[in-house]
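Residue numbers (full-length UniProt numbering): 1 to 307. Note that the Cβ used here is the ideal one computed from N, Cα and C, for glycine as well.
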């Protein structure tokens with residue numbers, strides 16, 4: 001009878017501290033064994049979904065190619081980056097078809113085998129340096145364009161109050177210069193920071209045996225609320241700090257990079273239309289072109305990669 005009472009008393013009292021600790025230790029051991037396997041399984045599952053998505057995009061592309069003259073033109077070397085945006089805009093590829101890990105899908109020209117390929121910035125695998133250069137460039141440009149488009153959409157919505165516009169800008173990670181006066185006057189640093197965080201840093205560009213960092217510049221001087229205010233450039237600064245000296249400038253109209261003949265030059269206060277004019281017309285002190293188009297950044301047409 002006494003033993004039964006003691007057992008009943010222990011049942012009412014619950015687990016002892018030692019028993020709780022033992023249970024927690026067992027759970028911790030199980031978690032240590034199972035969680036890495038689960039994470040690895042999820043990663044592989046996401047990679048497989050991403051691979052299927054890109055295969056589907058390639059299939060939609062092949063179906064659309066004979067029907068779309070514009071797509072045929074964009075499929076040529078130097079224009080391949082326009083292929084996927086065209087497929088999305090025309091409905092061949094749904095906007096919801098995205099990488100489950102948040103990678104950016106890009107269409108590139110394969111300099112080695114020829115033709116258009118579709119890649120993901122998060123699931124590159126074993127690709128050439130030339131392809132990595134293209135992916136890093138395209139990702140920064142896509143994130144920069146997306147952030148700018150969201151900004152333009154917010155500022156163009158007349159149904160939103162100034163406070164609501166400012167709130168939505170903050171959600172994008174973009175701060176206004178004069179929040180109480182005009183929320184449309186945004187800060188270049190905060191715009192860059194939003195892209196920097198989205199990409200997890202700047203994209204790397206390998207050229208001339210050096211590493212340059214691809215980054216956006218938003219022209220806050222003219223406050224042009226269109227994509228004309230966005231410039232993509234590269235220099236040796238890996239940090240998100242104000243340095244508007246460009247060693248390379250990306251020509252988004254033909255998908256090429258231009259190198260500064262004199263080493264580097266400031267782009268501060270310039271819009272894309274200003275930059276494009278400079279790429280085509282600016283001269284050095286001796287009359288030679290200030291900006292020189294380079295194939296080595298993306299790999300030469302015969303498949304030979306640059307430094």
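Under the three-pair Cβ rule at 8 Å, the region 242 to 256 counts as touching the region 226 to 233. Here residue 136 is not near residue 195, since their CB atoms are 8 Å or more apart. The beta carbon of residue 65 lies closer than 8 Å to those of 71, 72 and 75 in the same chain, with the five residues before and after it left out. As for any alpha helix (DSSP H) of minimum length 4 sitting wholly inside the region 68 to 113, the runs are 69 to 74 and 83 to 89, ordered along the chain.
Across the set 210, 209, 197 and 187, the C-alpha of 187 shows the shortest separation from the C-alpha of residue 217.
Around the beta-carbon of residue 207, 16 or more other beta-carbon atoms lie within 10 Å, marking it buried. Of the other Cβ atoms in all chains shown, 16 or more fall within 10 Å of the Cβ of residue 151; this residue is therefore buried. When DSSP states are grouped into helix, strand and coil, residue 285 belongs to the coil group. For residue 203, the pairing in a beta bridge is given by DSSP as 214. Here residue 294 has 257 and 259 as same chain residues with Cβ atoms under 6 Å from its own Cβ, once five neighbours each way along the sequence are excluded. Within the same chain, Cβ atoms closer than 7 Å to the Cβ of residue 292 are found at 258, 259 and 261, the five residues on either side in sequence being excluded. Non-local beta-carbon contacts of residue 51 in its own chain, meaning distances under 8 Å to residues more than five positions away in sequence, involve 123 in chain order.
The bridge partners DSSP lists for residue 259 are 248 and 292. Residue 219 sits away from residue 146, with the two beta carbons spaced by 8 Å or more. For residue 234, the beta-bridge partners assigned by DSSP are 214 and 248. Within the region 126 to 153, there are no complete alpha helix (DSSP H) runs of at least 4 residues. Under the DSSP assignment, residue 174 falls outside any beta strand (DSSP E); it carries neither an H nor an E label. Residue 106 places its beta carbon 8 Å or farther from that of residue 144. Taking residue 67 as reference, the option from 104, 79, 80 and 86 with the minimal CA-CA separation is 86.
Per the DSSP secondary-structure output, residue 241 pairs with nothing in a beta bridge. The Cβ atoms of residue 60 and residue 93 sit closer than 8 Å to each other.
The closest CA to that of residue 80, considering only 202, 114 and 237, is found on 114. Cβ neighbours of residue 236 within its own chain (closer than 8 Å, five residues either side excluded): 210, 211, 212, 213 and 247.
Residue 116 places its beta carbon less than 8 Å from that of residue 83. Residue 29 and residue 22 have their C-alpha atoms spaced approximately 11 Å apart. Where residue 117 is concerned, the enclosing beta strand (DSSP E) starts and stops at 116 to 120.
In the three-state reduction of the DSSP assignment, residue 229 falls in the helix class, which pools H, G and I. Each residue's CA atom was taken as its position, placing residue 205 and residue 17 some 57 Å apart.
Here residue 131 is near residue 108, since their CB atoms are less than 8 Å apart.
For residue 265, the beta-bridge partners assigned by DSSP are 246.
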